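First the structure, in the form of structure tokens, and then the observations on it.
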Amino acid sequence: MRDVVIVGVGMTRFGKFLERSLPDLGREAIWKAVGDANIPPKDIQIAYVANSIGYQLTELKGTIGQHVLAAAGFFGIPIINVENACSSGSTALRSACLEVASGNFDVALALGVEKLFCDNTARSSEAMASGTPYAKFGFMFPALYSMNLKKWMEKYGITQRQFAKVAVKNSKNGALNPNAQFRKPLSIDDVLNSRVIAYPLTLYMCSTMGDGAAAAIVCTRDKARKYTTKPLVEVAACELVSGTVTIPNQPHEPLEARAARLAYQKAGVGPEDVDVAEVHDGMAPAELMLYEELGLCREGEGGRMIDEGLTEITGKIPVNPSGGLAAKGHPVGATGLAQIAEIVWQLRGEAGERQVNDPKVGLTENAGGWVIDDNAACAVTILKK
Amino acid sequence: MTKPSNSDPAPDKLQILVQEGLFYQPQSPKEKPYLIGSRCSLCGYVSFPKLMVCPCCVQINTMEEMHITGKGKIDTFSVCYAALPGFQAPSIQGYINLEEGARIWSLITGVEPSDESLKIGMDVELVIGKLREDAEGNEIISYQFKPVKTDRKG
Chain W
1 MRDVVIVGVG MTRFGKFLER SLPDLGREAI WKAVGDANIP PKDIQIAYVA NSIGYQLTEL
61 KGTIGQHVLA AAGFFGIPII NVENACSSGS TALRSACLEV ASGNFDVALA LGVEKLFCDN
121 TARSSEAMAS GTPYAKFGFM FPALYSMNLK KWMEKYGITQ RQFAKVAVKN SKNGALNPNA
181 QFRKPLSIDD VLNSRVIAYP LTLYMCSTMG DGAAAAIVCT RDKARKYTTK PLVEVAACEL
241 VSGTVTIPNQ PHEPLEARAA RLAYQKAGVG PEDVDVAEVH DGMAPAELML YEELGLCREG
301 EGGRMIDEGL TEITGKIPVN PSGGLAAKGH PVGATGLAQI AEIVWQLRGE AGERQVNDPK
361 VGLTENAGGW VIDDNAACAV TILKK
Chain E
386 MTKPSNSDPA PDKLQILVQE GLFYQPQSPK EKPYLIGSRC SLCGYVSFPK LMVCPCCVQI
446 NTMEEMHITG KGKIDTFSVC YAALPGFQAP SIQGYINLEE GARIWSLITG VEPSDESLKI
506 GMDVELVIGK LREDAEGNEI ISYQFKPVKT DRKG
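Each protein sequence line maps, in turn, to chains W and E. Each residue of the first sequence is one higher than the one before, counting from 1 in my numbering. Each residue of the second sequence is one higher than the one before, counting from 386 in my numbering.
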């Protein structure tokens with residue numbers, strides 16, 4: 001297999017853009033990535049396009065990738081549509097990387113694009129819940145998070161206040177990110193006093209609807225050097241897993257931990273080598289659990305990580321410098337690639353006010369969907385400068 | 386049953402199952418409800434809803450249909466103040482450890498939706514009944530669990 005590098009990334013701002021279409025958002029992200037890579041657009045040989053909910057909420061009921069690429073001026077190349085709920089974006093990246101690693105193509109595009117806002121909020125909510133067949137029974141994702149969190153709080157003495165600190169940190173980071181949907185720093189009181197969704201979750205701990213797009217162009221190292229003088233970021237691992245069932249009286253390894261284990265193995269690094277991470281905090285407190293599942297701290301130490309500020313931009317291992325899903329926004333299919341864009345900017349030293357101190361290795365974790373009693377999919381990607 | 390009078394021409398509401406093949410709705414007070422699950426004849430794994438292939442053994446023809454009596458204990462629960470369109474908030478969502486060995490998601494009904502109403506480990510039982518009304522006023526029938534009434538006070 002050949003080494004694969006990211007030669008260019010781009011994203012739209014995330015937010016509420018009622019007047020913009022999927023092709024319009026996608027075009028902006030693609031051309032930003034093309035500009036960033038300094039690549040002749042016709043050198044792009046294949047595209048993977050991630051979208052999760054466009055089929056339900058927009059006029060495009062099929063081949064969304066082809067419609068978006070057409071708007072960006074791309075015709076004739078193979079275009080593959082990718083759907084893996086919230087982890088669609090990193091799933092598209094993985095496929096694009098495999099095209100290059102295998103020698104099938106030299107230059108591949110991965111795009112994530114999503115529009116969740118429409119003129120009817122109820123319709124948007126229903127569409128977002130449709131990632132599981134359980135919505136018709138009244139199943140609510142926040143309640144699921146809440147149940148896991150309550151067990152964990154009891155086991156390790158974690159407090160709601162510590163969860164609030166995650167939302168505070170991420171809102172502070174989002175305020176520094178010009179692409180973030182929400183740019184208002186929140187205080188602990190703001191978070192704790194916002195409406196209870198499902199204890200310990202309050203409104204400001206939860207990600208909400210968003211529109212946006214993000215893209216990455218991957219290619220071989222040789223090709224990349226012809227296009228750009230910017231530091232090249234290697235995709236050292238991009239590992240995808242699906243969920244498993246819980247078997248009574250048997251240990252159940254969380255799928256995030258399983259994906260991370262595979263990714264560390266493939267990349268030849270350990271959690272101690274990770275200098276910056278973007279993780280899937282659909283609900284901010286889940287970030288604390290992810291510290292443990294990704295091996296960034298030992299079991300039961302998630303609370304200490306946030307108390308001691310270790311995951312702040314200035315900390316030992318900054319997590320979600322972009323603001324994470326709650327502050328940056330969570331346009332489902334675009335999220336995974338926006339995480340990738342952030343890590344690329346961080347590794348290149350281009351992250352502006354939210355730049356962490358000279359990172360060499362970055363990680364993204366992107367999970368989504370729900371099947372029986374586990375997430376449907378999870379991807380962990382490790383990028384190296 | 387009283388027929389709707391001419392002055393009150395409300396059409397009869399339908400009862401619609403949320404999903405076919407998921408549970409049995411008693412047709413008389415003598416009957417008991419049950420969930421339709423499955424059990425692996427090789428390893429004993431119990432699932433609800435019914436699965437055609439055991440996720441542990443991964444062989445065909447090992448899963449047998451099983452009627453789950455619907456007695457269990459609350460494993461964990463959450464009072465949720467957000468709801469999808471057409472559903473009531475707050476709701477109590479939970480995981481139930483069934484006597485038969487499976488752990489399943491369910492709404493919990495029959496008590497005030499507050500954290501004080503329930504305790505982890507509490508005995509619960511299956512009820513089949515109205516989950517919600519659809520836009521036409523039809524009753525959507527689903528499975529839920531409710532706390533088992535302790536015999537008497539004191």
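Quick reminder that beta carbons are idealized off the backbone N, C-alpha and C, glycines included. Treat the numbers as computed from the prediction; the structure is a model and nothing was measured.
- Residues of the region 361 to 376 of chain W that bring their beta carbon within less than 9 Å of a beta carbon in chain E comprise Ile372 and Asp373, in sequence order.
- Comparing alpha-carbon positions, the option among W:Arg2, W:Glu365, W:Gln160 and W:Lys226 lying closest to Phe105 (chain W) turns out to be W:Arg2.
- For Phe530 (chain E), there are no neighbours in chain W by C-beta distance under 7 Å, as the nearest C-beta there is about 12 Å away.
- Nearest in C-alpha terms to Met140 (chain W), of all of E:Lys435, E:Ile401 and E:Ser476, is E:Ser476.
- Annotated as distal: Met283 (chain W) and Pro78 (chain W), with beta-carbon spacing of 8 Å or more.
- Bounds of the beta strand (DSSP E) holding Leu420 (chain E) are Tyr419 to Cys425.
- For the pair Met209 (chain W) and Val191 (chain W), the CB atoms are not nearer than the 8 Å cut-off.
- The count of Cβ pairs closer than 8 Å, one atom from the region 439 to 452 of chain E and one from the region 421 to 429 of chain E, reaches three, so the stretches are in contact.
- Residues of chain E whose Cβ lies closer than 8 Å to the Cβ of Met147 (chain W) are, in chain order, Thr461, Phe462, Ser463, Gln478, Gly479 and Tyr480.
- Beta-bridge annotation (DSSP): Asp508 (chain E) is paired with E:Lys458.
- Burial check for Gly10 (chain W): the Cβ neighbour count within 10 Å reaches 16 or more, so the residue is buried.
- In this structure, E:Ile525 is the residue among E:Pro532, E:Ile525 and E:Thr461 with its C-alpha nearest to the C-alpha of Leu402 (chain E).
- Here the alpha carbons of Gln181 (chain W) and Gly174 (chain W) stand approximately 8 Å from one another.
- Met305 (chain W) is classed as buried because its beta carbon has at least 16 other beta carbons within 10 Å across all chains shown.
- In this structure Phe408 (chain E) is buried. Its beta-carbon is surrounded by 16 or more other beta-carbon atoms within 10 angstroms.
- In the displayed model, Tyr55 (chain W) falls within a helix according to three-state DSSP.
- Closest by C-alpha distance to Gly486 (chain E), out of E:Thr494, E:His452 and E:Asp397, is E:His452.
- Listed by position along chain W, the residues whose Cβ is nearer than 9 Å to that of Asp500 (chain E) are Tyr199.
- Take the alpha-carbon of Pro251 (chain W) and the one of Arg123 (chain W): they are about 39 Å apart.
- Interface annotation for the region 241 to 255 of chain W against chain E: Val245, Thr246, Ile247 and Pro248, criterion Cβ-Cβ distance under 7 Å.
- Asn366 (chain W) sits in a strand when the DSSP states are folded into three classes.
- Separation of the CB atoms of Gly212 (chain W) and Thr364 (chain W) is rounded to 16 Å, and the pair is thereby denied contact status at 8 Å.
- Secondary structure note for His452 (chain E): its beta strand (DSSP E) is the uninterrupted segment Met448 to Ile453.
- Taking 7 Å as the cut-off between beta carbons, the residues of the region 147 to 169 of chain W near chain E are Met147, Lys150 and Lys151, in sequence order.
- At a cut-off of 8 Å between beta carbons, Ala520 (chain E) makes no contact with chain W.
- The region 316 to 372 of chain W contains, as complete alpha helix (DSSP H) runs of 4+ residues, the segments 324 to 328 and 332 to 348 (chain order).
- Note that the region 102 to 117 of chain W touches the region 327 to 338 of chain W; at least 3 beta-carbon pairs, one per stretch, sit closer than 8 Å.
- Nearest CB-CB separation between Ala338 (chain W) and chain E: not below the 8 Å threshold.
- The distance from the Cβ of Gly369 (chain W) to that of Ala379 (chain W) is about 12 Å, inconsistent with a contact at the 8 Å cut-off.
- Listed by position along chain E, the residues whose Cβ is nearer than 7 Å to that of Pro142 (chain W) are Cys465 and Ala467.
- Within the region 404 to 430 of chain E, contact with chain W at the beta-carbon level (separation under 8 Å) is assigned to Gln404 and Tyr430.
- What Gly486 (chain E) touches in chain W, judged by beta-carbon distance under 7 Å, is Pro248, going in chain order.
- The criterion of a C-beta distance shorter than 8 Å is satisfied by Lys151 (chain W) and Thr461 (chain E).
- Unbroken alpha helix (DSSP H) runs of no fewer than 4 residues, entirely contained in the region 216 to 271 of chain W, are found at 221 to 227 and 255 to 267, following chain order.
- Interface annotation, Cys442 (chain E): not in contact with chain W, CB-CB separation never under 8 Å.
- Within a 10 Å sphere around the beta-carbon of Ile44 (chain W) sit 16 or more other beta-carbons, which makes this residue buried.
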